[in-house]
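So the structure is just underneath, and the comments pick up after that.
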Amino acid sequence: MSHTPVFVPPPDPFKPEPPEKPAVLKALFCGRTRALRQGTETLRSYWDYDGCREDSDKRPWIIHGESRAGKSHLARHILVDLSEHAPEIVTLVIPARKRDSAQMVLETLFGKLCDEFFNRIQGPNVPGAVLLNPMVQNAILLIERLKSFGHEGTPSITIANSKGWKTGLDLSGAHGLWAIVKLVLRWTVESSGNATETVTLSRPGVSDLANYCCVMVDTLWRVKLVKEVVILFDDVDLLSDYQSAEINGQRQRCLLSDALAILHKTPCVDVLVTSRSWYAMAHKEFEELVDLNQEAHDLSEGDLIAIHHQRHNVLMPTAPCEFLNEMALLQLAHDVKCIPGVFLQHLSQAYKEHKNEDQWTQHDYEWFIKRMCATFERNRKQYQSAAAEILSAVHAGRFELSVSDQNFFLNTPFEDEFVYQSYQGEKSYSISGLMAKIVPRLAAPSVVPTAP
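Residue numbers for the sequence shown, in my numbering: 5 to 456.
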């Protein structure tokens with residue numbers, strides 16, 4: 005006798021962050037077809053494939069738009085499409101959000117590129133002549149030695165017999181000097197003899213790591229082991245949380261921006277970043293790939309409902325029904341002003357309540373609003389100042405909050421659930437439009453905000 009399988013709800017099918025697996029990422033992509041085509045075709049037409057661009061104005065690419073607009077999902081899908089059309093290329097994703105320092109971001113890239121470098125340079129089908137090339141041997145030795153910095157407490161490394169590295173250097177040729185040659189020529193010799201030179205390298209900083217990454221890619225490219233490397237730095241504007249004007253400076257972002265420029269100018273490298281639009285407009289060193297603020301890329305309420313249905317079909321195909329009815333989805337899409345990430349975030353919050361119910365049934369918008377009110381009230385008890393900021397603003401008809409003096413939402417559950425960093429800048433937050441439905445059902449603020 006056959007048994008109907010029991011439906012087990014997945015942990016979080018509405019999680020607003022893009023999934024890791026390419027097949028799932030593509031399956032869940034919905035509503036951005038035009039932006040995807042624009043980004044993929046533009047990058048494939050103007051990238052530096054096999055070092056084809058000798059453009060002195062070559063600048064990193066950027067996808068920008070407002071918070072929660074779907075920039076990260078779009079960028080990752082573009083990389084997947086590029087890889088499917090050109091499987092020989094290398095694509096890397098480096099998250100910058102909340103990494104707090106440019107150093108950590110570059111260390112992550114260095115680690116990933118080390119794996120790619122040694123997998124390719126020491127591959128079984130690499131011609132022996134390639135490994136005998138002096139520049140390749142020097143690059144392998146250098147990167148092997150640099151990996152020592154991964155061990156805690158290693159303050160410096162020594163490169164012995166570096167004089168031999170300069171013997172017979174070809175200082176001409178297409179695309180100028182090898183990256184490792186440029187590096188060697190900048191080294192300061194500490195001690196030397198008739199036949200040897202010794203160089204001591206300190207623990208690398210941000211620009212050092214960028215240059216070492218360039219050495220790996222440039223070496224692979226010059227011996228024809230790679231033709232294109234696309235590196236996505238995701239959420240560069242969210243490198244660190246905004247706390248206050250005194251604590252937050254621009255230094256880390258400037259360091260990261262300089263490193264991106266170094267990387268992007270390397271032959272066969274294309275750097276792609278995602279950020280909110282205020283950052284893209286404030287930093288002119290980028291080449292626009294997609295601007296999600298353009299009217300052509302606006303999403304409709306129907307698009308957001310389709311996103312919900314797609315999640316259900318892909319991640320919950322055996323569910324007895326959808327947990328919100330069509331009218332509830334339509335009202336939610338309207339209340340969040342058709343911003344997909346905010347829509348998914350609120351669905352995720354309500355779903356956590358629904359999956360613990362005794363029965364899997366479909367609910368209306370009234371049920372949804374009650375669940376969101378209950379979630380807000382639970383958080384309000386622990387984070388009264390943050391809740392009071394939100395309630396006072398909505399009572400006054402304001403849906404933008406300044407945090408320039410103090411960020412009340414930092415490390416609270418309100419951040420990225422009921423408020424999210426604004427399109428306008430890092431010192432302000434947008435309040436979800438859903439709060440206009442929630443606030444009238446709540447008590448008046450019990451804490452008077454200290455910030456205006």
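The C-beta atom is built at its ideal place from N, Cα and C for all residues, glycine as well.
All figures in this text were calculated on a predicted structure; none of them were measured in a lab.
Spatially closest choice to residue i from the options, by CA coordinates
i, options, result
"Ala106", "Pro208, Glu419 and Glu120", "Pro208"
"Gln335", "Arg41, Ile93 and Tyr369", "Tyr369"
"Glu305", "Leu267, Leu348 and Leu264", "Leu348"
"Ile125", "Ile144, Thr112 and Leu110", "Ile144"
"Glu201", "Val12, Ile235, Ile163 and Leu96", "Ile163"
"Asp119", "Val221, Lys341 and Arg402", "Val221"
"Thr46", "Ala310, Ser206, Asp85 and Met331", "Asp85"
"Gln256", "Phe422, Phe290 and Leu242", "Leu242"
"Ala39", "His77, Lys25 and Asp52", "His77"
"Tyr216", "Val240, Trp182 and Ser244", "Trp182"
"Arg226", "Ser244, Gln410 and Thr270", "Thr270"
"Tyr433", "Pro14, Gln388 and Asp245", "Asp245"
"Val185", "Leu205, Pro138, Gln363 and Leu229", "Pro138"
"His287", "Gln353, Met376, Ala337 and Ile66", "Ile66"
"Phe372", "Gln388, Ser389, Ala354 and Asn360", "Ala354"
"Thr223", "Leu260, Val423, Gln141 and Pro17", "Gln141"
"Ala391", "Val240, Gly74, Glu421 and Ser71", "Glu421"
"Leu293", "Trp191, Lys441 and Gln42", "Gln42"
Buried versus exposed call for residue i [16 or more other C-beta atoms within 10 Å across all chains shown]
i, result
"His312", "buried"
"Cys56", "exposed"
"Leu83", "buried"
"Leu189", "exposed"
"Gly69", "buried"
"Val12", "exposed"
"Ala27", "exposed"
"Thr44", "buried"
"Pro344", "buried"
"His338", "exposed"
"Glu393", "buried"
Residue i - DSSP class collapsed to helix/strand/coil
i, result
"Met439", "helix"
"Asp238", "strand"
"Arg445", "helix"
"Val227", "coil"
"His68", "strand"
"Tyr53", "helix"
"Tyr433", "strand"
"Pro453", "With a pLDDT of 43 at Pro453, under the threshold of 50, the predicted position of this residue should be treated as unreliable, though the coordinate-derived value follows. Coil at Pro453, not helix or strand."
"Phe403", "coil"
"His287", "coil"
"Ile343", "coil"
"Met5", "For Met5, the predicted model reports a pLDDT of 44, less than 50, meaning its position is unreliable; a value from the coordinates is still stated below. Three-state DSSP puts Met5 in coil, outside helix and strand."
"Glu421", "coil"
"Ile184", "helix"
"Leu78", "helix"
"Pro13", "coil"
"Ser206", "strand"
"Thr365", "coil"
"Glu21", "coil"
"Arg48", "helix"
"Leu96", "strand"
"Arg255", "helix"
"Thr270", "coil"
Within-8 Å CB hit, residue i to chain B
i, result
"Met139", "The structure shown has no chain B; it contains just one protein chain."
C-alpha distance - residue i paired with residue j, whole-angstrom precision
i, j, result
"Ile266", "Arg402", "42 Å"
"Leu457", "Val219", "Because the chain in this structure spans residues 5 to 456, residue 457 falls outside the shown range and cannot be described."
"Ile309", "His316", "11 Å"
"Arg149", "Ile161", "7 Å"
"Phe114", "Leu213", "7 Å"
"Glu88", "Arg80", "13 Å"
"Ser279", "Phe290", "11 Å"
"Leu110", "Val210", "6 Å"
"Leu438", "Leu351", "12 Å"
"Arg63", "Phe380", "44 Å"
"Asp61", "His268", "11 Å"
"Gln386", "Lys116", "40 Å"
"Ser206", "Pro20", "41 Å"
"Cys377", "Lys359", "17 Å"
"Val53", "Val277", "Correcting the residue type first, residue 53 is Tyr in the shown sequence and not Val. Cα to Cα, the separation comes out at about 18 Å."
"Leu29", "Gln314", "11 Å"
"Pro99", "Cys258", "17 Å"
"Val423", "Ala31", "28 Å"
"Val340", "Ser408", "25 Å"
"Leu446", "Lys374", "11 Å"
"Ser406", "Ile435", "11 Å"
Proximity test, residue i beta-carbon vs the ligand SAM heavy atom, cut-off 7 Å
i, result
"Leu32", "Looking at this structure, you won't find the ligand SAM or any other ligand, since it has none at all."
Cβ contact check for the segment 393 to 410 and the segment 278 to 298: 3 or more pairs under 8 Å: no
The segment 271 to 291 touching the segment 415 to 433, judged by at least three CB pairs closer than 8 Å: yes
The segment 220 to 237 / the segment 91 to 100 touching (three or more Cβ pairs under 8 Å): yes
Three or more C-beta pairs below 8 Å linking the segment 413 to 421 and the segment 321 to 338: no
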